[in-house]
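Per this note's numbering, residue 346 is the first one in the sequence shown, and the count goes up by one each step. Structure, as structure tokens:
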Amino acid sequence: IYAEALEIWDHEPLPKFTTHGRAHIEQVEENLDKLTRPLQESEKKRLSDEEIFVLLAGSCLHDIGMHRIDDPDVRENHPVAAYDMILNSSDQIPIEFREVTLPIKDPNATLAIAKIARGHWTEYALPLPAEDFICGNKEGRLRLLALLLAMADLLDMSSVRAHYSRSSHRFYRLGPVSELHHAKHRLVKGCSIKPTSPGLQFELKWRDNDGLVNNVNGWVMQWFNAQCRQLHPALHKASDGLIQWAKPWANVIFEPPEQRPVELSPAAKRFLMLERAEQIRINREAFASRFRESIANKEAAVFLFTADSDFDWRQLSDWCEAYGRSQQCHVAKVDVRGLAVYQFGSILAQILTQWKKTLPVCSSEETTARFESYVKLDDTPDIVTIVKTDEAGNASLPALLKLLMLRNSAAARVCFLICPKGKGPVEVDDATIVAFDGSTFPREEVETYLQKQHGFSEPESKEIYNRMERAHVTTRPADVYAYIEDYCK
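Here it is, written out as structure tokens:
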């Protein structure tokens, strides 16, 4: 089966994806060796020959669904595709229904290997039965085997997977998503699962300690923590308590840089920042959908949101900025508290500087004229501005917003206005005023966020929300973030 897998992976069907062939298979096998050591050193819970066979076969074949290159959602669908391909791999199956041919003659082994391969994604491993027939008339711990593969696959962060950076030829260019995933592995110096007392600990060493690495680490570890919140207790239970993890379960080390730093293209940086903002943002999906829509439909729109400290304007502001940049808009953030709002020249110069449009030294009137001229050009791109003020009733604010909404083209002009109690101007020329009541989070949004971004189960997320309600936190959205940060990690 290993030989067949190497032949299948002799040609990577999707070269822009990170490596899924020999190097990945061997690293997953090494991770399995570390994960199963507590079982193998026990007298009664060692893996049987049949369990080892189907586990290693599943590890060799778990990614073969990536060969369905005609599927535009191949990455999301490849676990189920691998299941189908293995299930229909017998040479007894008509060729028109067979995508690969594998030397697995026993139907129970075929089914078990298919389920374990599909189970390299946590959502498919957890529902499996604890035991089932896995080879001939032999039973085995099916869920345990799938959970082991899911954990071993998840923790392969090794740099060898970033094959694009090692090639001296460039027959294609990576898109921002692929570039970020390759860079994620390039930035890793090494990773391993280490025995500690008590339990196991994942060690991840990064090659650098700069801002890019910290952002990538935050992006990676939030996903890992969410997955491991589900995998750790399930593995502990399925192994009868033999496989356990240290606290903290992961040790992240930032090495001092010794080589030329990895650089991301502007598009990949924008994608990374949007991913991080999406991980942090507690849904507010009604707001986010309307904001995305306003840019897509090339609207002139002012979004009003409260600036009070109890509200989540900071997180929404960061998300608006990241989303605007991901759409290649001109984006600027300005604080117009106090008398600064009267100083149009200074405020507009700040905005132009953030758009990388430098100005010569000139009067406030000249700056205003230059700003107005620029935003009214036909080729000026979509513009997103984030404006914070502590003076909801300031008479000069509408004048500033009027300038920000100017256009002489089909480009979008969108402003996220953060002001006390969300009391902004009633109208700004022909711009749409979109007011949002941010006084509370819908319960289902908080629970969905806890499940999706932090890996809590549905009952756990409900109990966490109940605790927030008892602590009177749910009416203060900013405190919901603080509660999750303090008590849910």
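Backbone N, C-alpha and C define an ideal beta-carbon position, used for all residues, glycine too.
By the Cβ neighbour-count rule, residue 351 is exposed, with fewer than 16 other Cβ atoms within 10 Å of its own. Secondary-structure assignment with DSSP links residue 394 through no beta bridge to anything. Listed in chain order, the non-local C-beta contacts of residue 613 below 6 Å within the same chain comprise 521, 524, 525, local neighbours out to five positions each way being set aside. The stretch 782-801 makes contact with the stretch 567-577, as at least three CB pairs between them are under 8 Å. Going by DSSP, residue 546 is part of the beta strand (DSSP E) stretching over 545-551. The stretch 533-544 makes no contact with the stretch 635-644; the number of CB pairs closer than 8 Å stays below 3. The Cβ-Cβ distance between residue 549 and residue 502 falls below 8 Å.
Here residue 728 is near residue 756, since their CB atoms are less than 8 Å apart.
In the structure shown, the three-state DSSP call for residue 707 is coil. A direct Cα-Cα distance of roughly 6 Å separates residue 432 from residue 459. If you draw a straight line from the Cα of residue 518 to the Cα of residue 819, it is about 46 Å long. Taking C-beta separations shorter than 7 Å and ignoring five residues to either side along the sequence, the partners of residue 671 in its chain run 615, 616, 619, following chain order. Check the Cα spacing between residue 454 and each of 402, 763, 534, 470: the tightest is with 402. Excluding five sequence positions before and after residue 471, the CB atoms of its chain that fall closer than 7 Å to its own CB belong to 575, 579, given in chain order. Between residue 681 and residue 734, the C-beta spacing is below 8 Å. DSSP places residue 534 within a strand segment (E or B) once states are collapsed to three. DSSP, reduced to helix, strand and coil, places residue 726 outside both helices and strands of the structure shown, so it counts as coil. Shown here, residue 656 sits in coil according to DSSP, grouped into three states, outside any helix or strand. In the DSSP assignment, residue 484 falls within the beta strand (DSSP E) that extends over 483-485. In this structure, residue 538 keeps its C-beta atom at 8 Å or more from the C-beta atom of residue 491.
Shortest Cα-Cα distance from residue 700 to any of 689, 673, 706 involves 673. For residue 466, there is no enclosing alpha helix (DSSP H), as DSSP marks it with neither H nor E. If you look at residue 647, you'll find it in the beta strand (DSSP E) that goes 645-651.
In the three-state reduction of the DSSP assignment, residue 758 falls in the strand class.
The continuous beta strand (DSSP E) containing residue 677 extends over residues 675-680. A residue is called buried when at least 16 other Cβ atoms come within 10 angstroms of its Cβ; residue 583 meets this threshold and is buried.
Fully contained in the stretch 552-630 are the following alpha helix (DSSP H) runs of length 4 or more, in chain order: 556-583, 611-625.
For residue 477, the three-state secondary structure derived from DSSP is strand. Exclusion of the five residues before and after residue 473 leaves 460, 464, 487, 488, 491 as the residues of its chain whose Cβ lies within less than 7 Å of its Cβ.
By a beta-carbon distance limit of 8 Å, residue 663 does not contact residue 821. Their separation comes to about 19 Å.
Fully enclosed alpha helix (DSSP H) runs of no fewer than 4 residues occupy 788-799, 803-815 of the stretch 765-815, in order along the chain.
One Cα belongs to residue 794, the other to residue 714, and the distance between them is close to 45 Å.
Residue 587 and residue 805 have their C-alpha atoms spaced approximately 24 Å apart. Inter-residue distance for residue 788 and residue 354 is about 46 Å (C-alpha atoms, whole angstroms).
For residue 422, same chain residues with a beta-carbon under 6 Å away, outside a window of 5 residues either side, are 416 in chain order.
Residue range 367-385 is occupied by the alpha helix (DSSP H) that includes residue 372.
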